[in-house]
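J.:
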Amino acid sequence: MTDFGINMFPTDKAINPMTLAKEAEDRGFESIWFPEHSHIPTSRETPWGLNPEAPPLPEEYWRTHDQFVALGMAGAGTSKIKLGTGITLVAQRDPIWLAKSVATVDALTDGRFLFGIGYGWNKEELHHHGVKFNERRAVMRERVLAMKELWTKDEAEFHGDHVDFSSTWQWPKPTQKPHPPIILGGAAGPKTMKDIIEYCDGFMPIAGRYDFGEQITTLKQMASDAGRDPESFDFGQFGTPPKAAIVDALIEAGCSRIVFSLPPADADTVIPKLDQIAEFKDQYS
124 MTDFGINMFP
134 TDKAINPMTL
144 AKEAEDRGFE
154 SIWFPEHSHI
164 PTSRETPWGL
174 NPEAPPLPEE
184 YWRTHDQFVA
194 LGMAGAGTSK
204 IKLGTGITLV
214 AQRDPIWLAK
224 SVATVDALTD
234 GRFLFGIGYG
244 WNKEELHHHG
254 VKFNERRAVM
264 RERVLAMKEL
274 WTKDEAEFHG
284 DHVDFSSTWQ
294 WPKPTQKPHP
304 PIILGGAAGP
314 KTMKDIIEYC
324 DGFMPIAGRY
334 DFGEQITTLK
344 QMASDAGRDP
354 ESFDFGQFGT
364 PPKAAIVDAL
374 IEAGCSRIVF
384 SLPPADADTV
394 IPKLDQIAEF
404 KDQYS
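Just so you know, the sequence shown maps onto residues 124 to 408 in my numbering.
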């Protein structure tokens, strides 16, 4: 079975996150996803998404709300829809505080949280957080492993090159056990695939960049080779166009979650688009 979700930048100019979540839940969407950027440096050499031919960066990248606050509002106004970070820039967040944020949202929403994570692409933004671009993968890996310790142990400690803390107590623990699904977003090169198999539970890239069916096949084989159950992984895609040929191909390839994008606009703009997408996805119910 394939689930359908939506994602949108929750900004100060956009529809209220609680309102959007309620409307999405009422229309039968399985999940809602909010991305994040802490800020965007005004002087920047990094092209959008590391693509030299990309257009100028849209303003929602620097106007976005804190995603955990936005998801908390979304969760408070709903009872069924799952709440996802699409994605959290783990290398730019303190892992001890981030572990608490993840666990809190999951606990307060009865286990509805989905932890989408990513390395980050904006060199200047990473630098402002004290992270070197070429170290962001290693930093994220250690922070995720450290958070797993905090989520699963009454007394947790971690000692690595980028994260180091002695024995500590931290509650709440997540409702989902051992923790919410960790779903990596990004380009699926060999390093990313290795990370997915080592410490993640799924993969959700942006639409149109690669042959997703081929990626799913490769990742399932890698999971099997590593002694993990290939069928336990969550394979989804962000930013999927609501077109039958594209969605049919994704379902055939084994995609378990298809996420459609909404513009970061007011309710008068967003709700009609949500209705159009809901009508499209209902063909598959």
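We treat Cβ as the ideally placed atom computed from N, Cα and C, and that holds for glycine.
Roughly how many angstroms separate the alpha carbons of residue 151 and residue 401, rounded to a whole number?
T.: About 8 Å.
J.: Is it right to say residue 181 is buried, meaning 16 or more other beta carbons lie within 10 angstroms of its own, or is it exposed?
T.: exposed
J.: Short of 8 Å in beta carbon distance, which residues of its chain neighbour residue 278, apart from the five on each side in sequence? Order them along the chain.
T.: 290, 291, 292
J.: Mapping the DSSP letters down to three states, classify residue 358 as helix, strand or coil.
T.: strand
J.: Quick check on the burial criterion: 16 or more other C-beta atoms within 10 angstroms. Buried or exposed for residue 130?
T.: buried
J.: Ignore the nearest five residues each way along the sequence and tell me which others in residue 226's own chain have a CB closer than 7 Å to its CB.
T.: 274, 295, 296, 297
J.: Rounded to a whole number of angstroms, what is the C-alpha to C-alpha distance between residue 254 and residue 172?
T.: 18 Å
J.: In the DSSP assignment, find the alpha helix (DSSP H) that holds residue 396 and state where it starts and stops.
T.: Residues 390-404.
J.: Between residue 247 and residue 408, what straight-line distance do the alpha-carbon atoms span, to the nearest angstrom?
T.: 44 Å
J.: Could you tell me which whole alpha helix (DSSP H) segments of length 4 or greater appear in the region 200-284?
T.: 218-231, 246-251, 259-275
J.: For residue 373 versus residue 326, is the C-beta spacing smaller than 8 Å?
T.: Contact flag unset, no.
J.: Within 10 angstroms of its Cβ, does residue 128 collect 16 or more other Cβ (buried), or is it exposed?
T.: buried
J.: Drop a sphere of 10 angstroms on the beta-carbon of residue 384, count the other beta-carbons inside from all chains shown, and report buried for 16 or more, exposed for fewer.
T.: buried
J.: Could you tell me the alpha carbon to alpha carbon distance between residue 209 and residue 238, rounded to whole angstroms?
T.: 8 Å
J.: Would you grab the beta carbon distance between residue 159 and residue 187 for me? Rounded to a whole angstrom, and I think it's under 8 Å.
T.: 6 Å
J.: Please classify residue 344 as buried or exposed, where buried requires at least 16 other C-beta atoms within 10 Å of its C-beta.
T.: Residue 344 sits exposed, since fewer than 16 C-beta atoms from the chains shown fall within 10 Å of its C-beta.
J.: Starting from residue 370 and walking both ways along the alpha helix (DSSP H), at which residues does that stretch end?
T.: 367-376
J.: Just tell me which of 323, 308, 300, 363 has its CA closest to the CA of residue 331.
T.: Looking at 323, 308, 300, 363, the one whose alpha-carbon comes closest to that of residue 331 is 363.
J.: Thinking C-beta only, is residue 359 closer than 8 Å to residue 305?
T.: no
J.: Exposed or buried, which one is residue 165 when buried takes at least 16 other CB atoms within 10 Å?
T.: exposed
J.: Am I right that residue 145 and residue 200 are in contact with their C-beta atoms under 8 Å? What's the rounded C-beta distance?
T.: 5 Å
J.: Is the beta carbon of residue 379 less than 8 Å from the beta carbon of residue 126?
T.: yes
J.: Apply the 10 Å Cβ neighbour rule to residue 308 and answer buried if 16 or more other Cβ atoms are within range, or exposed otherwise.
T.: buried
J.: On the CB-based measure, 16 or more other CB atoms within 10 Å of its CB, does residue 124 come out buried or exposed?
T.: exposed
J.: Nearest-angstrom Cα distance between residue 365 and residue 283?
T.: 43 Å
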